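Going by numbering that gives the first Met the number 0, the letters in the sequence shown line up with residues 0 to 819, in that order. Where a beta carbon is used, it is the ideal one built from N, C-alpha and C, also for glycine. A quick note: this is a predicted structure, and the numbers were derived from the prediction, not measured.
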Amino acid sequence: MCGCAGRGVTFGRVSAELSALPSNTPVIVGVGQFSERIDDQDYRALSAADLAAGALRAAIADTDADAAAVVDALDTFAAVRAFDAAHPFATAPLGAPDNVARAVAARVGARPRRAILGPTGGQSPQRLLTELCGDIADGRCEAAVLFGAEAISTVRNLMARPANGDRKSAEPTGSDTERPDFTEHAPGSLDDRGYGTDGMTPAQAVIHHMGEAAVFYTVFENARRARLGVTRAEYARSMGELFAPMSALAADNPHAAAPVARAAEDLVAVGERNRLITDAYPRLLVARDQVNQAGAIVVVSLDLARRLGVPEARMVFLHGHADLTEREMLVRPDLGSSPAAVAAVRCALDMAGIGVDELTVMDLYSCFPIAVFNICDGLGLDPGDPRGLSVTGGLPYFGGPGNNYTTHAIAEVVARVRDQPSSYGLVVANGGLLSKHSAGVYASTPVAWRPGDTTAVQTALDAAPAVPVAFHADGWARIDSYAVRFERDGSRIGIVAGRLDDGRRFLANTLDGDDALIDALTGDGEPIGARIFARSTDAGNRVAFTRERMDECLGAPVTTFREAYDRVQLTRSGHVLEVMINRPDVGNALDARAHRELDEIFTAFERDSELWVAILGGVGEEAFCVGADLGAVGSPLQLMSLPRSGFGGLSARRLGKPVIAAVNGRADSGGLELALACRLVVADEAASFALPDTGIGQPPGAGVLVRLPRIVGRALAHDMIVTGRRIDAAEALAAGLVARTAPTGKALAAAREMAADIVTRSPVAIRTALSYLDHAEQITDPVAAIANPAQLLDSLIAHDDPAEGLAALHERRVPHWRNT
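Below you can see the structure in the form of structure tokens.
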């Protein structure tokens, strides 16, 4: 399909309005769009870079100025990040340019001074355009182009073909039988802004099968529905009525990926061609990513526009703009709204000096209905507003070209405000999980550039009360919101955002094989507010209606020792428990099963009144423990799938009994974290301690980052953490990490001697002392604590051991500790 320039008409303008503006006022002078569909007769299977070049040529033509002069003037190329580079695990199946900004510039013959690659998120086109306008106003550049493109439909279509490593991306491939290679080297600098996705996808969400945007937005949608007090059917009807006018608009848009007008009831009717993605969304209500679309915007200084001979009728100005960020999902008081999105629109309108009623055209980001409803709720807009809430046809029907949809929305708004002098157009962009919000107000009426400052607004948003979060959830709770994923194989995955009785919010999954709760989440009743029982596991939190059902599906929590373990050797001798990690072939590294077994063992140790001390060691001569078994880890997030008690069932456990680490050989990464979690460390002369984590792109565990500086001091801790420096047993002893050293191979024997000394003493007194030591670490005024020893004394007064100890001393005999 051919490129489409903006559809403005020439009209008169009082030149005095322009002449009164500063010469460095930024002005949008050209917009363009380009697209193709795989069923088009002239379909060429263009790469994303080629599509972007087509849109840029259309935008340059739209200026009505000399094309060569415009190209020569462009000194900055800003590219919207494509989906195949939107996060660290994304890949481009057919390859892509290593510097797409310069690759596209080369296609039109431009030699820009700057090349920018924007961050991930649907807000990025508006945010980047605002930034470019500010750069022009401040004299950092004079002419810039913003563009983005996606060829997702083409890539999926061509992946079935055989590979052809020799083909170049610019060659037509529509009739070829081999798969093209879009890989391309484009030399030159690149200002890569990174992904910008921090906090947008919490690790807890990924652990609980919330990797897809539709699942998050379903949680938001269900929370809003419950707040409104409407039924599923009523809410579905409202979503269909909201999006039906958009599908009608897309039917007339030559660049739409799905140009079919559909009635409201058809959008929500579930069927073979409209399968359920989640309990809230059938396919026709979610953003369509199978597109081949590109958009581009040319913005220059007013002085350059005049020199280029751009007609005044092509000029459009950014009258208002704002960028705001919502807090991470789990802490939001209302999961069914985003105050930051509404605040961004209000800030942009206030800067423009207009109200919502004065807008002529609007485009509200429509990846999912809740994104549109949220703005309507906050601004008092009728979802059926006769002005319409989209200028393209919306992301489900026009198409959702990755992060670049808003470029198309801006292009359409610019064209419309050109057609209607003195009109105003609003573009609202959304990124992440109702997370990042950008808004722009456009008009052909001349206006000087005004920088925005939303610092005070952002500060107020961030200061609003936040919901506390529970990483591990155990106990009774209520459902805050939820989503159910429908897989293609017919299975269902239930995701619950719950609130424990203490007010903390958590994420959890329904139990495999438990249909009662997931049926309630998909039934006609209202599950939000229902009572549920939660339990944390090493694979994440799980919820059921009752504790009995939880025990039936998962088994009752293990609080006693098993007969045998797969990953650990256990020896019990009197009051001493020996726990030996038995994986010497992998340096005693811990996999998921080892974590689970150690968690169970230390839970049983904690509950067994006859066990007073434990020794933790590793089988073999090479290593105590080298951390996580990376050979069993498929992704970094799996490293976070630990028991509630932390690494090795120990690092996040508050044990009142002493545990001795017997370190023979290496204690690396998680192995050092285990040693730090033990009350005492005995190391043989061959032992060493190191944190190689950052060398493989990972930070050390929280147990290391919290404890190591407190034990060995800031300087040595930082040295070990950031350089991976290995220290030997002697240095560890001098630094206070190790209590005692032993000859090579004798760490376990030395630990046994230490344990033998411990069990001759009062277990009650030891527990009391250790408990107070934990308390003392939090004390900021040691003198005040020492002057008030009640907490220490009160914990002893009800026990027999203090009296027995004094009696044995006076009677010159060995005490008989009762541990009561």
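Sub-8 Å separation of residue i and residue j beta-carbons
i      : j      : result
Val70  : Ala109 : yes
Gly147 : Asn373 : no
Glu411 : Val427 : no
Lys65  : Cys140 : Reading off the sequence shown, one finds Asp at residue 65, where the question assumed Lys. Contact flag unset, no.
Val456 : Arg503 : no
Val315 : Ala442 : yes
Asp590 : Asp628 : yes
Val681 : Ile710 : no
Arg192 : Ile276 : no
Leu20  : Ala447 : yes
Asn273 : Tyr364 : no
Gly431 : Pro244 : no
Met579 : Val618 : yes
Asp523 : Arg231 : yes
Residue i - DSSP class collapsed to helix/strand/coil
i      : result
Asp565 : coil
Cys624 : strand
Thr153 : helix
Pro395 : coil
Pro742 : coil
Ala465 : coil
Asp667 : strand
Ile37  : coil
Phe646 : helix
Pro332 : coil
Gly210 : coil
Presumed contact (8 Å Cβ cut-off) between residue i and residue j, rounded CB distance
i      : j      : result
Thr62  : Arg313 : 6 Å
Gly493 : Tyr481 : 7 Å
Asn581 : Phe623 : Actually they are not in contact, since the Cβ atoms of Asn581 and Phe623 sit about 13 Å apart, beyond 8 Å.
Pro699 : Ile720 : 6 Å
Asp180 : Leu93  : 6 Å
Arg287 : Leu131 : Wrong, their Cβ atoms sit about 28 Å apart, outside the cutoff.
Ile531 : Gly497 : 6 Å
Ala77  : Leu127 : 5 Å
Asp833 : Cys552 : The structure shown does not extend to residue 833, since the chain spans only 0 to 819, so no value can be given for it.
Neighbourhood of residue i by C-beta, 6 Å cutoff - its chain only, sequence neighbours within 5 removed
i      : result
Asn540 : Ala472, Phe505, Ala507 and Ala533
Val103 : Ala48, Ala51 and Ala52
Val299 : Val28 and Ala142
Asp384 : none
Lys167 : Low confidence applies to Lys167: its pLDDT is 44, below 50, so where it sits in the model is not reliable enough to give any reading.
Gly173 : Low confidence applies to Gly173: its pLDDT is 45, below 50, so where it sits in the model is not reliable, and the reading given next is rough at best. Cβ within range, chain order: Tyr42, Arg43 and Ala44.
Ser336 : Asn373
Arg725 : Ser687 and Ala689
Thr153 : Ala44 and Asn291
Ala15  : none
Limits of the unbroken alpha helix (DSSP H) element including residue i
i      : result
His407 : Tyr404 to Asp418
His594 : Ala591 to Arg606
Arg848 : This structure leaves residue 848 out entirely; the chain is present only between 0 and 819.
Asp756 : Ala746 to Ile757
Glu233 : Arg231 to Ala250
Val557 : Taken as a continuous stretch (DSSP letters only), Val557 belongs to no alpha helix (DSSP H), as it is neither H nor E.
Phe372 : Pro368 to Leu378
Cut-off 8 Å between Cβ atoms - residues of its own chain near residue i, not counting five sequence neighbours on either side
i      : result
Val575 : Leu610, Trp611, Val612, Ala613, Ile614, Arg751, Ala754, Ala755 and Val758
Met350 : His318, Gly319, His320, Ala321, Val440, Arg449 and Gly451
Asn252 : Pro258, Thr391, Gly392 and Phe397
Asp718 : Arg724
Thr570 : Leu576, Glu577 and Met579
Sequence-distant residues of its chain with Cβ nearer than 7 Å to residue i (five each side left out)
i      : result
Arg652 : Phe601, Ser644 and Gly645
Leu641 : Asp537 and His594
Leu378 : Val341, Val344 and Val355
Phe219 : Leu334, Gly335, Ile369 and Leu433
Ala603 : Thr558, Thr559 and Phe560
Start-to-end residues for the beta strand (DSSP E) that takes in residue i
i      : result
Ile492 : Arg491 to Leu499
Val299 : Asn291 to Ser300
Glu357 : Premise fails: Glu357 is in no beta strand (DSSP E) and is neither H nor E.
Pro25  : Pro25 to Ser34
Leu323 : Phe316 to Thr324
Glu577 : Val575 to Ile580
Ile659 : Val658 to Val662
Val440 : Lys435 to Ala442
CB contact below 8 Å: residue i versus chain C
i      : result
Ser336 : Absent here is chain C; the protein component of the structure consists of one chain.
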